[in-house]
Structures are given as structure tokens and as C-alpha cells.
Amino acid sequence: MSEGSMLAGKVAVVTGAGGGIGREIALAMALEGAAVVINDVGASLSGEGGSATPAEQTRAIIVQRGGRAAISTDSVAEWESAQRIVQCALDSFGRIDIVVNNAGILRDVIFHKMSAEDWLAVIGVHLNGSFFVSRAAAGHFRRQGSGAYVHMTSTSGLVGNFGQANYAAAKLGIVGLSKSIALDMQRFGVRSNCIAPFAWSRMTSSIPADTPEQQARLAKLQQMTPDKNAPLAVCLAADAAHDITGQVFGARMNELYLFSQSRMIRSIHRSDGWTPAAIAAHALPAFRPSLMPLDRSGDAFSWDPA
């Protein structure tokens, strides 16, 4: 397969494509031959306001390079507007082959101070939005016997982070959603995978830098430009990855990762069953050496990006 043709004839919807990782994925898919629907509401990082300008800027770059692109400013967070996003692909290019669920907002608050609004807003865009847009495309994928979903998860959910209960829950929920799509739609030739991206972008610009340790972490993050995540998204959406589904990958500078998924790691049994006291006396001590540490993303990825 020649460079620039991995997605020839394909039509992709990329949500949150007005900037950052979403923009880089949209640009990369266009360079590989896809027609792209650039979906972005142009809201602030926390989800307020709206503008067509970010999407228009991404479209202008694609068109300048000789590609094809259309704009959708509909929200992913509502059923009806998600339907319009997919309909934009059909109206503009006649089909849909790829959905990249990248749109997101942040409402970082320590758990005991997080409001219902903070929770619902983040879940609404990340998790509900990924379902709504994926579901809107599902019937079309089923009828044509093909399709690829690429969902953005996060190590905040896969590993953990401070002050991100809403974001972490949504991002780990997306992993469950992706696996369910992969299982339910495999019979129709439809694939679904996740990427945990690493990049300095608007979504990471809220990370504090008050201490020398935080400043050092920030300097490492700023090395990881959003475009480093795009090749993996393109490949997973292409026919070259026709047999890859239900997986969780990561992209960090020039490193690629395949993440494990939750499975049993230790078992213990008693022939006469368990009482709470027996669990405390025997099961917990047996499990203790295998318990997962209460670590964060930065602890799990403690080395400098390569």
C-alpha cells in the first residue's frame, strides 16, 4: 500500500477536530486519502460557548493540501445532534467508514468538591457522546458490512489521576463501550479500538506547574506533540488493521503501547465457603502481595518519552 493511500475512498468523522489531537488525526486521515467530516462545537475547554472557527481552520488546511472536508458544529452530547454529525458525512460524501470519538471537555475538581454539573457535563461529552456518535453510524456500518471505530481513552482512567473522577470514569467507560461494540458488531465486519493518547494540548494545559516536580512533568508533556498520535489512529481505521478489534493502544512520542485489560490475577478458595472473618484472616493476606498500587498515570509512565 503506497504512502497517502491507506484510506483512499474512505469517509471519516472525527469529533473534536478543531484543534489538538483531533485536528492532527483529521489532517492525517485526509493526507491518506479520506474525505473527512470535521466535527467541533468550538467550545471552551470546560464546554462553554461555541464557534465554527476551529473547524473552519482545520478544513482550510485540508483543502489547501488538496483534500476533501466538510464541517459539522453539532454537539456529540445529544442523540439528535449526533445523528446530524453522521448525516453530514452521508450528505457530503455519500457514505461513512470511520468514526473517531475524540471530542472532550475537562472539569477537573477534587472528588469531594465535584458538583453534579461537573460530573454530568464530562460524562455527557466523553461517554454519552462516544455512544451517540457510534450508535448513529452503526446502522450504516452494518448495512455496508464494514466500518472502524477509534475511541480516545486516557491513562487517567486506565491508571488513575488526581481530581479527575468524572474524566477517569468516562474514559474507562469508553473502554467498556468499545469492547461491547467490538463483540456485538464483529459479525458485520466492524472493528472498534481505543487509543490512550499522550500529547501537550488544550486538554492538558490545565495541569498545575506550581512545584519543581510539576514543572519538570510539564516540560516532558510539552515534548509530546499531538501529531504523534495520528499515525496510530489512521492505521487502526485502515483495512491494514482489518483483524484488530477490541484492543486498547497508547501512543507516546515515538513509543506505541498495547495495554492489558482487566483479568483475574489471583484466586483462593475454601471448600466450606467464606465468612467475613475468614476473608479477613485468610483471603486478604493471600491477595495482599498482588494488590494493585494506588498509583497515577505519572507513576506508571515514569521514564522520559522516547
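Just so you know, we're using my numbering here: the sequence shown kicks off at 131 and counts up by one.
Note that beta-carbon positions come from the ideal geometry of N, C-alpha and C, so glycine has one too.
- Judged by beta-carbon spacing, A233 lies beyond the 8 Å limit of A199, meaning their Cβ atoms are not closer than that value.
- Nearest C-alpha to R237 among V230, D248 and I228: D248.
- Excluding its 5 nearest sequence neighbours in each direction, G152 has C-beta neighbours in its own chain below 6 Å: V144, G146 and N232, listed in chain order.
- Here the region 301-321 lies against the region 266-278, with 3 or more beta-carbon pairs under 8 Å apart.
- Annotation: V206 is outside any beta strand (DSSP E) and is labelled neither H nor E by DSSP.
- For L288, the enclosing alpha helix (DSSP H) has its first and last residue at T285 to L288.
- Taking the Cβ atoms as the reference, G290 lies roughly 7 Å from S427, within the contact range of under 8 Å.
- Comparing C-alpha distances from A363 to each of L175, G172, Y279 and G150 shows the shortest one belongs to Y279.
- A straight line joining the alpha-carbon of T283 with that of I304 spans about 6 Å.
- With contacts defined by Cβ atoms closer than 8 Å, W404 and A411 do not form a contacting pair.
- For T183, the enclosing alpha helix (DSSP H) begins and ends at T183 to Q194.
- Taking a contact as a CB-CB distance under 8 Å, the pair A212 and V263 counts as one, their CB atoms being some 5 Å apart.
- Taking the Cα of V167 as reference, the smallest distance to any Cα among G179, L175, V193 and E178 is reached at V193.
- Closest option to A381, judged by alpha-carbon separation, among F431, E178 and R225: F431.
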